[in-house]
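Structure first, then comments.
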Amino acid sequence: MSTGLLLQYIVVALIVMISTWVVLKKQFPGTVRKARGAIALGLIKPQRATWLQALGRKIAPPATGGSGACGGCDTCGPTQPKQH
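Just so we're aligned, residue 1 is where the sequence shown starts under the UniProt record's numbering, counting upward by one.
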């Protein structure tokens with residue numbers, strides 16, 4: 001396999017992975033949050049290397065202040081009143 005073809009395959013694979021991540025994040029935010037939390041918990045363990053623990057902290061989903069009545073995805077917010 002030539003170097004150019006290998007590079008082309010790598011670029012296409014990266015584009016597919018990024019687009020898959022964007023779709024998952026938009027369509028299934030709860031699943032992505034759970035997956036990020038599970039991966040982060042596996043990396044933050046004390047017996048792991050320091051750089052893996054730092055990576056786990058970066059991957060971890062941000063903490064939510066409190067869950068609302070709908071489950072706490074923090075995307076709905078209050079609605080603006082209609083102006084007449």
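Glycine included, every Cβ here is placed at the ideal spot set by N, Cα and C.
- Using a 10 angstroms sphere on the CB of L43, the tally of other CB atoms reaches 16 or more, which defines it as buried.
- Linking T64 to L41 through their CA atoms gives a straight-line distance of about 17 Å.
- Here G37 really is in contact with P61; their C-beta atoms are around 6 Å apart, less than 8 Å.
- Within the model, the alpha-carbon separation for K25 versus I39 is close to 16 Å.
- In the DSSP annotation of this structure, the continuous segment of the alpha helix (DSSP H) that includes I59 starts and ends at T50 to I59.
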